[in-house]
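In what follows, a single structure is set out as structure tokens and then discussed.
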Amino acid sequence: MKWKILVFVCFLCGSFYPSFGDAKAPKGWSLNGSALKDYECGVDKSEKHSGKHSGFLASKSSWKKGFGTLMQAIQATRFRGKRVRLSAWIKTQNVRWWSGLWMRVDGKKRKLLAFDNMQRRPIRGTNGWKRYTVVLDVADEATKIAFGVLLSGQGKIWLDTIALEVVSLQVPSTNQLPKPLPTTPQNTSFEK
């Protein structure tokens with residue numbers, strides 16, 4: 001059941017790419033998700049990890065179901081063939097369902113190549129500033145990398161000091177996609 005939810009959210013995130021004209025979102029970011037009317041985002045000048053501001057994503061009191069995401073998408077060209085780590089400092093307040101940092105790597109025609117939204121290690125409740133990471137491999141055929149924070153349910157999430165960097169293959173991938181099935185039967189003699 002959990003993998004079905006993961007795949008559903010995964011495909012939903014893939015259908016939302018930034019419209020940089022979104023007046024509610026911070027410059028370069030976009031508010032997207034399955035329940036846009038139930039979420040709001042912006043810049044917070046009083047709550048920050050470093051610098052003068054942070055971004056936030058919050059549910060409105062009318063929240064009923066669905067999720068919101070504060071996100072952006074970039075071309076994958078300079079990251080192709082590399083392992084990348086998305087990191088951000090995140091603070092949460094009264095997150096009732098779950099939230100997380102997420103990243104998605106797409107190929108042509110939005111073919112899903114790699115994905116992690118922290119659903120298996122969700123951020124819940126009220127938490128002070130903490131650094132979270134997502135690590136994915138960017139395939140040679142990748143065209144886009146989308147990333148951001150996701151909030152499913154009620155609550156508020158702040159993010160600050162975001163970095164997208166190339167890391168060595170020694171850093172474990174957090175990819176949540178199932179591995180492809182083998183093309184032939186495996187270990188049929190049980191000798192391995």
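Those letters in the sequence shown? Residues 1 to 192, by my numbering.
Every residue gets a Cβ at the ideal spot worked out from N, C-alpha and C, and that includes glycine.
Where residue i falls, given that 16 or more other Cβ within 10 Å makes a residue buried
{"i": "LEU159", "result": "buried"}
{"i": "LEU181", "result": "exposed"}
{"i": "LEU150", "result": "buried"}
{"i": "ASP140", "result": "exposed"}
{"i": "ALA76", "result": "buried"}
{"i": "LEU70", "result": "buried"}
{"i": "SER61", "result": "exposed"}
{"i": "ASN171", "result": "Asn is not the amino acid found at residue 171; the sequence shown has Val there. When all chains shown are included, VAL171 counts as exposed."}
Residue i vs residue j beta-carbon contact at 7 angstroms
{"i": "SER34", "j": "THR161", "result": "no"}
{"i": "SER46", "j": "GLN154", "result": "no"}
{"i": "ASP137", "j": "ARG83", "result": "yes"}
{"i": "LYS173", "j": "VAL134", "result": "The sequence as given places Ser at residue 173; Lys does not occur at that position. Not in contact: SER173 and VAL134 (Cβ atoms no closer than 7 angstroms)."}
{"i": "ARG131", "j": "TRP102", "result": "no"}
{"i": "LEU177", "j": "PHE115", "result": "yes"}
{"i": "ARG124", "j": "VAL95", "result": "yes"}
{"i": "ASN194", "j": "THR92", "result": "Because the chain here runs from 1 to 192, residue 194 falls outside it and cannot be looked at."}
Alpha carbon of residue i to alpha carbon of residue j, nearest angstrom
{"i": "PHE190", "j": "PHE56", "result": "53 angstroms"}
{"i": "GLY148", "j": "GLN72", "result": "6 angstroms"}
{"i": "SER99", "j": "ASP44", "result": "18 angstroms"}
{"i": "PHE67", "j": "TRP129", "result": "22 angstroms"}
{"i": "GLY28", "j": "ILE74", "result": "10 angstroms"}
{"i": "ILE5", "j": "ASN187", "result": "Residue placement at ILE5 is poorly supported in this model, since its pLDDT is 44, which falls under 50; the coordinates still yield a value, given next. Their Cα atoms are separated by approximately 31 angstroms."}
{"i": "SER54", "j": "LYS48", "result": "5 angstroms"}
{"i": "LEU193", "j": "LYS192", "result": "Since the displayed the chain opens at 1 and closes at 192, residue 193 lies outside it and no answer follows."}
Exercise. Residue ranges of each beta strand (DSSP E) run of no fewer than 3 residues wholly in the stretch 143-191, ordered along the chain?
Worked result: 144-152 and 156-167
Exercise. Hey, which unbroken runs of the beta strand (DSSP E) at 3 residues or more fall wholly within the stretch 80-135?
Worked result: 82-106 and 112-116
Exercise. Which ranges would you report for the beta strand (DSSP E) in the stretch 36-61 if only whole runs of at least 3 residues count?
Worked result: 39-44 and 54-59
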